[in-house]
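**Q** The structure that follows is given in the form of structure tokens.
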Amino acid sequence: MKILFTGSGSGGHFYPIIAVAESMSDTVRERKLLEPTLYYAAPTPYDRVLLIANGITFVPTAAGKMRRYFSLLNLVDIFKTGWGVIRAFVRVFFIYPDVVFGTGGYASFPTILAARFFRIPVVIYAADAVPSRVNLWAGKFARKVAIAFPEAAHYFPEDRVAHTGAPVRKAALLPAREGMHEFLKLEHNIPVIVILGGSQGAQVLNEGVLSALPLLVEKYQVVHQTGEKNFDEVIGRAKVVLENSNHAERYRPFGYLNDLALRMAAGAATIVVSRAGSGSIFEIAAWGLPSILIPIPEPTSHDQEKNAFAYARSGAAVVIEQNNLTPGLLISEINRIIGAPELMRHMSERARMFARVDASKTIANALLDIAVSHES
């Protein structure tokens, strides 16, 4: 039994695959099935350590990116995509998987096209409230379509779509329950704001936090994931803005939060301020924490604003649009939420209801069912 995963080379496409692979390992033992052979087709491995840890073989692919704006690179990428399709046909033919699982993105197109040509069943996962162009295309013939946001359902055939929620890795699923204040060097009796800018950080979000920092540390402790490339600059500026503060030690910046540090931060958090990538939203939901989302605006991102407002409609979060982000508004919203215990409880409950923490297991079972049927 062989299962081929495919997606673009970003964390938003990669981590759901890892979450499904983790659940698949548990599920095959529960169902007393033979362990499937797993492959991952993408331009880059993204995280070789996680691939190896989950027994996944990396299969390099190529694909051009079709931008939504005029660029001469679109002409170059037409040829790159053509070469990627030829390469994918060869790879898929020699692997000949029993099912292909795609998480969207331009780089998954050649592999899914090859799977369709060879009549190999395809399952796709749509992470965003508005699906990507590749997922919209693949949804026309996919055997099953898993969606993270219910708003995406009407884009796909009703009889093949399932609102599973987003697969979240085990390491990010459960917040720490002890030792987090000591780990992060925090005090126990002061609320904690955790600020997440994504794996690369977020320059605009960092600017907003730094401007608000002197007032934030008067009442709160701040754990700030700045992004590694921004870390030195943020540290330097934080020293300046907190120079006259009596509570500078309440600011705890990190370039990157690894799995352990992220669990510790989630366990200590009173509220989360974050960008609005699908993966971030569903991790926050799984933690059961109130949140303030500051999405990347269009046209830079074609999904974060829609994701943010879709999640906010559940009652679990509030949205501050980037163009409206000011230190005063950020502080005001944090004070409003933390100062209202009933609102905090309501947002936490709504977050947990939204999370669907069994998403990865649901998808793993569907893939195994199709793979077993195809193999026989």
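Per the UniProt record's numbering, residue 1 is the first one in the sequence shown, and the count goes up by one each step.
Beta carbons are placed, not taken as given, at the ideal position from N, Cα and C, and that holds for glycine.
Between the alpha carbons of PRO290 and VAL217, how many angstroms are there, rounded?
**A** About 19 Å.
**Q** Taking DSSP as the reference, what is the three-state secondary structure of SER348?
**A** If DSSP states are grouped into helix, strand and coil, SER348 belongs with the helices.
**Q** Identify which residue in GLY179, SER360, ALA129 has its Cα closest to the Cα of TYR155.
**A** Answer by Cα proximity: ALA129.
**Q** Exposed or buried, what is PRO297 when buried is set at 16 or more other beta-carbons lying within 10 Å of its beta-carbon?
**A** PRO297 should be labelled exposed.
**Q** So, helix, strand or coil for LYS229, using DSSP?
**A** DSSP places LYS229 in helix when its eight states are reduced to three.
**Q** Excluding the 5 residues flanking PHE282 on each side, which residues of the same chain have their C-beta closer than 6 Å to its C-beta?
**A** Cβ within range, chain order: ALA166, VAL168.
**Q** Look at the Cβ atom of TYR220, then the Cβ atom of ILE195, and state whether they are nearer than 7 Å.
**A** Not closer than 7 Å, so no.
**Q** Report yes if the C-beta distance between LEU330 and ALA171 is below 7 Å; otherwise report no.
**A** Against a cut-off of 7 Å, the Cβ pair of ALA171 and LEU330 comes out as no contact.
**Q** What residue range is occupied by the uninterrupted alpha helix (DSSP H) comprising VAL168?
**A** Segment: none, VAL168 is in no alpha helix (DSSP H) and carries neither H nor E.
**Q** Measuring only the C-alpha atoms, how far is ALA276 from ASN307?
**A** Each residue's alpha carbon lies about 6 Å from the other.
**Q** In three-state DSSP terms, what is TYR15?
**A** Three-state DSSP puts TYR15 in a helix.
**Q** Write down every uninterrupted run of the beta strand (DSSP E) in the UniProt domain "Glycosyltransferase family 28 N-terminal" (3–147) whose length is 3 residues or greater and which is fully enclosed by it, in chain order.
**A** For the UniProt domain "Glycosyltransferase family 28 N-terminal" (3–147), whole beta strand (DSSP E) runs of length 3 or above, ordered along the chain, are 37–42, 56–60, 99–102, 122–126, 144–147.
**Q** For TYR46 and GLY84, which I take to be in contact (beta-carbon distance under 8 Å), what is that distance rounded to the nearest angstrom?
**A** 17 Å between Cβ atoms; not a contact.
**Q** Report yes or no: do the stretch 357–371 and the stretch 251–262 share at least 3 C-beta pairs separated by less than 8 Å?
**A** Cβ pair count under 8 Å is below three, so no.
**Q** Between GLY328 and VAL319, what straight-line distance do the alpha-carbon atoms span, to the nearest angstrom?
**A** Looking at the two C-alpha atoms, the distance is approximately 15 Å.
**Q** Rounded to whole angstroms, what is the Cα-Cα separation between ALA202 and THR226?
**A** Cα to Cα, ALA202 sits roughly 7 Å from THR226.
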